[in-house]
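Chemist: There's a structure below that I have some questions on.
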Amino acid sequence: MSAQAFTFHVSSLITRSAKLFIAITLIVSITSFAQDKQIRKSIFFDGGSAYIDEFQAADLAHWLDSIPNLLDKYEIQLISHTDNIGSRRSNQILSRMRSEAVFELLIQKDIPEKVIHIKDWGFENPVYENTTYKGLIMNRRVDVILHPVVF
Numbered sequence: 020m021s022a023q024a025f026t027f028h029v030s031s032l033i034t035r036s037a038k039l040f041i042a043i044t045l046i047v048s049i050t051s052f053a054q055d056k057q058i059r060k061s062i063f064f065d066g067g068s069a070y071i072d073e074f075q076a077a078d079l080a081h082w083l084d085s086i087p088n089l090l091d092k093y094e095i096q097l098i099s100h101t102d103n104i105g106s107r108r109s110n111q112i113l114s115r116m117r118s119e120a121v122f123e124l125l126i127q128k129d130i131p132e133k134v135i136h137i138k139d140w141g142f143e144n145p146v147y148e149n150t151t152y153k154g155l156i157m158n159r160r161v162d163v164i165l166h167p168v169v170f
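Its first residue numbered 20, the sequence shown is counted upward by one per residue in the working numbering.
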């Protein structure tokens, strides 16, 4: 099945799903995996929170386990974002807390610190517009990005 065919199939689920962000994450993850480039998964947070619920923690663990030879083939980059509610300083702190929470989950999966790189954006460089409710929700995340190791 091609990445485009899968993306179309998952897109039809988006309209029926209350968990829009999970479906979008699936599209990005599967499409990237099919193209054999970087692989990305997003962990989403409630506003003002760095708490990762059990569902997302288990989902991240399952996703990592599904990637063959993860430690041999990829380096991991964590890029954290926030919405633009609050001060620059408080969002930078929150961004760091979120990346640290995901970092701890990776360490619990026996991923060595040396392959994990972190960039905390806070509310700078948002991917989604912070002018809509959907945009605010989508910007409250940490992207776990697997970059192929170049030999």
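Beta carbons are placed, not taken as given, at the ideal position from N, Cα and C, and that holds for glycine.
1) For the alpha helix (DSSP H) containing V121, list its first residue and its last residue.
2) Verify whether the separation of the beta carbon atoms of I164 and I104 is less than 8 Å.
3) Alpha carbon to alpha carbon, how far is I58 from N88?
4) By the DSSP assignment, the alpha helix (DSSP H) with I86 in it spans what residues?
5) Checking 8 Å against the spacing of the C-beta atoms, do I137 and L125 come in under that value?
6) Taking the C-alpha atoms as reference points, what is the distance between L113 and W82?
7) Secondary structure at V47, three-state DSSP: helix, strand or coil?
8) Give the secondary structure of G154 by DSSP, where H, G and I count as helix, E and B as strand, and everything else as coil.
9) Let me check understanding here. Comparing Cα to Cα, which of Y93, K128, Q111, M157 lies closest to A77?
10) Using the beta-carbon count (16 or more within 10 Å), is K56 buried or exposed?
11) Hey, V161 and I95: beta-carbon distance below 8 Å or not?
Modeler: Short version:
1) On the sequence shown, position 102 is the one that residue 121 refers to. Start and end: 107-127.
2) Within the sequence shown, numbered from 1, the residue matching residue 164 stands at position 145. Within the sequence shown, numbered from 1, the residue matching residue 104 stands at position 85. No, the Cβ-Cβ distance between I164 and I104 is not below 8 Å.
3) As a first step, residue 58 is located in the sequence shown; it is residue number 39 there, counting from the start. As a first step, residue 88 is located in the sequence shown; it is residue number 69 there, counting from the start. Rounded to whole angstroms, I58 to N88 spans 13 Å at the Cα level.
4) Reading the sequence shown from its first residue, position 67 is the one you call residue 86. Element bounds for I86: n/a, residue is neither H nor E.
5) The residue you call residue 137 lines up with position 118 of the sequence shown. The residue you call residue 125 lines up with position 106 of the sequence shown. Cβ atoms of I137 and L125: not closer than 8 Å.
6) To locate residue 113, count along the sequence shown from 1; it is residue 94. To locate residue 82, count along the sequence shown from 1; it is residue 63. If you take the alpha carbons of L113 and W82, they lie about 25 Å apart.
7) Looking up residue 47 in the sequence shown gives position 28. Low local confidence applies: a pLDDT of 48 at V47 is under 50, so the model's placement there is unreliable, with the coordinate-based value given in what follows. The answer is helix: DSSP assigns V47 an H, G or I state.
8) Working through the sequence shown from its first residue, we reach residue 154 at position 135. Helix, per DSSP.
9) As a position in the sequence shown, residue 77 is number 58, starting the count at 1. Comparing Cα positions, the closest option is K128.
10) Residue mapping note: residue 56 aligns to position 37 of the sequence shown, counting from 1. Result: exposed.
11) What you label residue 161 is simply residue 142 of the sequence shown in a count that begins at 1. What you label residue 95 is simply residue 76 of the sequence shown in a count that begins at 1. No, the pair does not count as a contact, with Cβ atoms beyond the cut-off.
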